[in-house]
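Everything below concerns the one structure shown next.
Okay, here's the thing in structure tokens:
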């Protein structure tokens, strides 16, 4: 067990280090601006005085390293500075929106993960039949479609033509949880469609890979019935690949959420990021990017640790 | 009940019976599950649902027919070796090739095919389709069809260039790392891990917010963002080749790095690399479309499918499908490329055994 | 040998097809087989003979992408080809068991050995779980596994290969089946480990009077195990006879040719004079992979026109020694001298001429030749690279080389390696080495991936080339039969050290170093009594100990 603990700790350390490097990248990228932030914000027409004033306000007179350390120290405790647009603290702008995005992603994941894994396993078991081929074309089509295509089709059919669900995911205070689920159903479904397709394909590949192992053949040659081969021999070894598939796709959800939020005008962090990019509100952009990257890294980390913990070779060292 | 519904079920059930009789198991399964599904759909959606199924089936049959003819056509004009490979292509892959071919024609001959210029305002905004405008006009009164044709050139062209840049950077570095190994490989590996732990869309947004949405910058940014993926794959593919004894033999002979890459590694990695090019193109293409949709990609008035969707999105709430057409164009090309890649991957994995 | 009981398995006209390139191909063309209770049948043949496929068909099983297309398989009165899959499945594990080639891959990594052992008996309600565990320990003891009461509670990766193979045999025995299929159970093992497993399998099959089908490509092994031998070639039966008459008096030409393979033996050349300078001198070389020391104080010489065979089991460091000589793995200490001159440790620092002088031929001809380059170019490159040949000169040289390796230049010049057979590929590998005009060639297990007849052709070719071109060979092998046939000097290695070295004639005569003795005596011989005699000599009980020291 000491070995596992050491490997997990090392992996954690590596994840932390990656995050640190990324924070440098995100901060450093802004330094690449032609001129500086003040110039970029105020544009060419700005006078020297206003520029100087803004520089003073942003603390641009200090060295980049000092500002980075300052920024990072703030970020660690949730203080990302103030928005250049309205001077509101970035954390306050992001906070509720981040919660909304997390809600939407969780909503989609809760539906997508079990459906995808079960379907993936079924398709793997029926591989090379007509169902497998139909599923292959269907999933291929789904992952090839841009999120906004799926989103607008859903709006067209489930909102405009039938009126079953609202096309704009408007959140207001005091709506019931059930209402919330209904209003966010279409954006969640859009993401589910894409993620299920991805996850199904990966699960199928992982399971087929597993079923080709000699020990599966051995189990069949020992006379184990089909369900026992799957439950006793395949599944205990399938956790690592399945955990990986899930984590990878949850990470994918994070990116997908940006486009989906824009399509459904959902007040999440993705839309905020797009707005901030258009309006060149750098503190918000930086904060959003850091949050997205951190979530991404966290998920990958969880997947790696999951596969370490489920690996019998590591759990029972020599 | 009317004649259509009766004919519909008669056809399906008759077909199922025939398939069962001639022991065509798969055909029977499809037809019969479709029959069962139709019962449900007919009850829920009425006759319209059945019409939709019929039209869908007709389109599918049309696509299959086109794919089949196109494959036979390719087999006829190709050399004997290519023809043998093409014969193994499933209809989906043939369909994919047909779509790619059509897009290429559309893109290359855009000025000849399109009736109007891409930025030419010819009528009122959102004018409906008439004999001059196949698909009507967009929000500024420009011809949708012409813009769609030009979009094939702009959007696909941009994605192609960006993919090529990603490949140029990624593949060369990947092969060098595989040959050199040691510290270069180590450092590259770590660096790539870090860059890849930022989601590509987010990374692109970050860089675009700083560097602006200039077309050249856009292409370079996307190329650079996707090159780590290519690097990883190339490193893995080349890594499998590098352990071969013939590489050791060449190294011991005293051959230089470029000889190893050019003569020994590249010829043995082309198949997976071409497939990866297709896959990568899909990712890049979707990213470009996504960025344009967000208003951060190709800038107006240049015609581009992503921004066309965004500009005309309001029509959706009136039940119009026009804004879905450019989106469908994006999806169709991506599906097509994916289908061809799927076949190529299957072939290259099947041939190894 | 007398038939032991009534008929257990009767296969008639068995045909099996495999699916490839969207078509079904027949790979077994009507094979018959009759096996009696308690009888062991050896199935022997080269790769692609269909041995494993037939073995699995005896269980009514076909791998994915294969199907039984004709004939009948009757097991104890039950026709397996027409009965339901459920009935067939119920036979597997309970009445017919299977022992796979790679035990390491065939045990599920997620479960303890004993849990995998008890799975079938508990499933078939033959034994309760606890009883079955007791039984497993008993079987482990009979199979002479160390710590029989504890070893079952380990996971597969915690147990060595030879032990796993025995644990798998125990698992096959768990329901006391009537028939066990052994599919090359010792192929992946070293010779000294192989002995233990062979002895254990033979004992246990004998004790329970189980019938067995023993599949292998090794004649000497099958001679020890089988009562009856059936020879297969490309999915057809060649002949069948009881072991003794098969060995003494094979009828068919193909069988005779298999038996004759081991007859090639070259006279040992006179030792070079003391004053003669060796081509290659390895002096006190140490080497390590990272912190792991893999070579310790290795020294030997190779003289012009002579063959030095470096012998050892896997992990003995014989290939590492070659890597040190070629400079792929710079030694941590010690020197490698070439014609009296010290070679730079790394190949990167060696001159073009130094690289040219020492060439290498590889074990796997498949991976040694670039599949995307034409044969002519593969052979021509060294001539072009070192000799600067171009145009017709180059073409003539390539033709000359192809002639030397007995391949027709007009036919092979423009072909690609995947179009060639294993033996032809190995010949191209030899030609590529010769193209550099070397004085010293390292042959790394060059015959072990080849079928025996082809291997002999390669050995003869190498011998002729050595005489014609006065080449010095370093011959790395684990196969003592190969050593007997072509070596002049023998170097025995174990765990990174040279155990013993000397001229072949001396080395093959006692007294030996104990390890050399163990290695030599462990190589199976054709004599069916060999294993019994050997075990008697060694004293059955310390087989395991002898191998693990």
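Protein chains in written order, with the working numbering: chain A, 767 to 1084; chain B, 543 to 895; chain C, 324 to 872. All C-beta atoms, glycine included, are put in the ideal place defined by N, C-alpha and C. Computed from a prediction, not measured in an experiment: that's the story for all the values here.
Beta bridge counterpart(s) of residue i as assigned by DSSP
{"i": "residue 596/B", "result": "Bridge partners of residue 596/B: none, in fact."}
{"i": "residue 604/C", "result": "624/C, 660/C"}
{"i": "residue 395/C", "result": "335/C"}
{"i": "residue 540/C", "result": "DSSP lists no partner for residue 540/C."}
{"i": "residue 609/C", "result": "656/C"}
{"i": "residue 766/C", "result": "684/C, 798/C"}
{"i": "residue 389/C", "result": "341/C"}
{"i": "residue 815/C", "result": "634/C, 823/C"}
Delimiting residues of the alpha helix (DSSP H) encompassing residue i
{"i": "residue 1026/A", "result": "1001 to 1029"}
{"i": "residue 524/C", "result": "514 to 530"}
{"i": "residue 722/B", "result": "686 to 722"}
{"i": "residue 960/A", "result": "951 to 977"}
{"i": "residue 1054/A", "result": "1048 to 1076"}
{"i": "residue 456/C", "result": "452 to 465"}
{"i": "residue 358/C", "result": "From DSSP, residue 358/C is part of no alpha helix (DSSP H) but of the beta strand (DSSP E) over 346 to 359."}
{"i": "residue 793/B", "result": "787 to 795"}
{"i": "residue 536/B", "result": "Nothing can be reported for residue 536/B, as the shown portion of chain B is limited to 543 through 895."}
{"i": "residue 629/C", "result": "Run containing residue 629/C: none; DSSP gives neither H nor E here."}
Residue i burial status per 10 Å Cβ neighbour count (16 or more: buried)
{"i": "residue 939/A", "result": "exposed"}
{"i": "residue 324/C", "result": "Residue placement at residue 324/C cannot be trusted, given a pLDDT of 43 that sits under 50; the coordinates are not used to answer."}
{"i": "residue 641/C", "result": "buried"}
{"i": "residue 756/B", "result": "exposed"}
{"i": "residue 332/C", "result": "buried"}
{"i": "residue 876/B", "result": "buried"}
{"i": "residue 440/C", "result": "buried"}
{"i": "residue 585/B", "result": "exposed"}
{"i": "residue 799/B", "result": "exposed"}
{"i": "residue 842/C", "result": "buried"}
{"i": "residue 507/C", "result": "buried"}
{"i": "residue 790/A", "result": "exposed"}
{"i": "residue 941/A", "result": "exposed"}
{"i": "residue 781/A", "result": "buried"}
{"i": "residue 1088/A", "result": "A question about residue 1088/A goes unanswered here, because the residues of chain A that appear run from 767 up to 1084."}
Whole-Å CB distance - residue i paired with residue j, under 8 angstroms assumed
{"i": "residue 854/B", "j": "residue 865/B", "result": "4 angstroms"}
{"i": "residue 603/C", "j": "residue 816/C", "result": "So it is not a contact: roughly 16 angstroms between Cβ atoms."}
{"i": "residue 429/C", "j": "residue 491/C", "result": "7 angstroms"}
{"i": "residue 524/C", "j": "residue 378/C", "result": "That pair is no contact at about 15 angstroms."}
{"i": "residue 666/C", "j": "residue 660/C", "result": "7 angstroms"}
{"i": "residue 543/C", "j": "residue 552/C", "result": "Incorrect: roughly 12 angstroms between the Cβ atoms, too far for contact."}
{"i": "residue 817/B", "j": "residue 847/B", "result": "Contact flag wrong, Cβ pair sits at about 25 angstroms."}
{"i": "residue 699/B", "j": "residue 649/B", "result": "7 angstroms"}
Boundaries (first-last residue) of the beta strand (DSSP E) holding residue i
{"i": "residue 828/B", "result": "Element bounds for residue 828/B: not the beta strand (DSSP E) but the alpha helix (DSSP H), 808 to 835."}
{"i": "residue 506/C", "result": "502 to 506"}
{"i": "residue 374/C", "result": "Careful: residue 374/C lies outside any beta strand (DSSP E), inside the alpha helix (DSSP H) at 374 to 380."}
{"i": "residue 551/C", "result": "551 to 556"}
{"i": "residue 366/C", "result": "363 to 367"}
{"i": "residue 564/C", "result": "559 to 565"}
Distance cut-off 8 angstroms: residue i Cβ against heavy atoms of the ligand NAP
{"i": "residue 645/C", "result": "Inclusion of the ligand NAP in the displayed structure is not the case, the ligand content being empty and no account of it being possible."}
- request: With 8 angstroms as the limit, tell me which residues of the segment 1058 to 1074 of chain A have their beta carbon closer than that to any beta carbon of chain C; keep them in chain order.
  value: none
query: Looking at chain A, which residues of the segment 718 to 735 of chain B have a Cβ within less than 8 angstroms of any of its Cβ atoms?
result: 735
- request: Could you list the residues in the segment 513 to 547 of chain C with a C-beta less than 7 angstroms from some C-beta on chain A, going in chain order?
  value: none
Residues of the segment 967 to 994 of chain A whose Cβ lies closer than 9 angstroms to any Cβ of chain B, in chain order: none
field: Residues within the segment 784 to 797 of chain B neighbouring chain C, beta-carbon criterion of under 9 angstroms
entry: 785, 786, 787, 788, 789, 790, 791, 792, 793, 794, 795, 796, 797
task: For the segment 575 to 592 of chain B, enumerate the residues whose C-beta is nearer than 7 angstroms to any C-beta of chain C, in chain order.
output: none
field: Members of the segment 798 to 811 of chain B near chain C, C-beta cut-off 8 angstroms
entry: 805, 806, 809, 810
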